[in-house]
Structure formats: C-alpha cells, structure tokens
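Below you'll find the structure, written out as structure tokens, and then a few comments.
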Ligand code: FES
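Numbering (the working numbering), first residue to last: 33 to 161.
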C-alpha cells in the first residue's frame with residue numbers, strides 16, 4: 033500500500049451535518065458547537081431572546097425520530113429550562129432540546145420553525161417561529 037492509498041485522516045469526525053426542517057437547511061456543526069451557534073455562524077437566523085444563555089427557550093427545537101441519540105447529554109442549564117416546559121413537552125411526541133445548548137455528535141434531523149436564511153424577512157418569533 034502506497035502513501036497515496038491510505039485513507040484520509042482529516043478532521044471529518046470534527047463536523048456533523050444537521051438538517052433543519054421545515055426550511056431544509058443543512059447545518060455543519062463543529063465539535064463543541066451548539067446547533068444554534070453553528071446555524072448563526074453559517075448566516076442563518078435562529079430564534080433567540082437571551083442569545084444562548086438557556087433562559088428564554090425561544091431556540092427550542094424538536095428532535096425528529098431516528099435522531100434521538102445524535103445529541104450530547106442535557107446539561108444543567110438546559111435541564112432547568114426544559115423542566116419549565118415539562119407540561120408543553122408532555123403534549124409533544126418528539127423530544128425537545130434547546131438550540132443554544134444541544135451539541136450534535138452525529139448527523140441528525142430536527143424540526144424548528146423560524147429558522148431563516150439571511151435574506152428572509154425577520155419578525156419577532158415565539159417558540160415555533
Ligand atoms: S437562546 Fe435562549 S434559551 Fe436558547
């Protein structure tokens with residue numbers, strides 16, 4: 033086997049792709065980056081009021097079936113925010129996560145209304161845009 037035959041050892045494991053529906057945006061998320069931060073870095077608008085402090089829950093998204101194990105664990109700040117939404121969560125079929133706190137570890141599909149391209153008009157939004 034020559035050097036040219038070796039498999040690439042680049043940093044392909046440092047990025048994962050997350051598809052955000054209904055927009056259909058493919059967000060490249062770097063290791064240690066939240067989904068919302070990655071979307072903003074790539075020019076998307078992601079609803080937020082507290083700018084990623086786990087206080088407003090405006091960044092909330094649904095995890096699409098099949099992607100439940102694609103995210104890192106819920107840490108204390110996110111858990112505190114999600115507890116405040118327990119009644120809302122009980123009426124949903126899909127798990128909820130905060131876009132500003134959830135760190136994708138594997139490719140995933142999520143549902144989040146209100147995510148927009150940089151060119152789209154922006155209005156104040158609630159949970160679901
Ligand atoms: S941006 Fe406010 S809770 Fe995530």
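In this text, a Cβ means the ideal position worked out from N, Cα and C, and glycines have one as well. In this text, all values refer to a predicted model and were calculated from it rather than measured experimentally.
For residue i, which of helix, strand or coil comes out of DSSP?
{"i": "residue 136", "result": "strand"}
{"i": "residue 92", "result": "strand"}
{"i": "residue 86", "result": "coil"}
{"i": "residue 107", "result": "coil"}
{"i": "residue 44", "result": "For residue 44, the predicted model reports a pLDDT of 48, less than 50, meaning its position is unreliable; a value from the coordinates is still stated below. Reduced to three states, the DSSP call for residue 44 is helix."}
{"i": "residue 152", "result": "coil"}
{"i": "residue 49", "result": "strand"}
{"i": "residue 67", "result": "helix"}
{"i": "residue 73", "result": "helix"}
Smallest Cα separation from residue i: which of the options?
{"i": "residue 95", "options": "55, 127, 88, 123", "result": "127"}
{"i": "residue 105", "options": "86, 137, 125", "result": "137"}
{"i": "residue 61", "options": "49, 76, 72, 54", "result": "49"}
{"i": "residue 63", "options": "134, 151, 117", "result": "134"}
{"i": "residue 90", "options": "149, 116, 151, 55", "result": "116"}
{"i": "residue 86", "options": "123, 75, 108, 102", "result": "108"}
{"i": "residue 74", "options": "82, 81, 88, 52", "result": "52"}
{"i": "residue 81", "options": "131, 151, 152", "result": "131"}
{"i": "residue 150", "options": "123, 111, 93, 72", "result": "72"}
Let me check one thing: in DSSP terms, what residues is residue i bridge-paired to?
{"i": "residue 130", "result": "92"}
{"i": "residue 147", "result": "Note: residue 147 sits in no beta bridge, so no partner."}
{"i": "residue 59", "result": "50"}
Stretch-stretch touch, CB-based, cutoff 8 Å, three pairs: the segment 134–145 with the segment 63–83: yes
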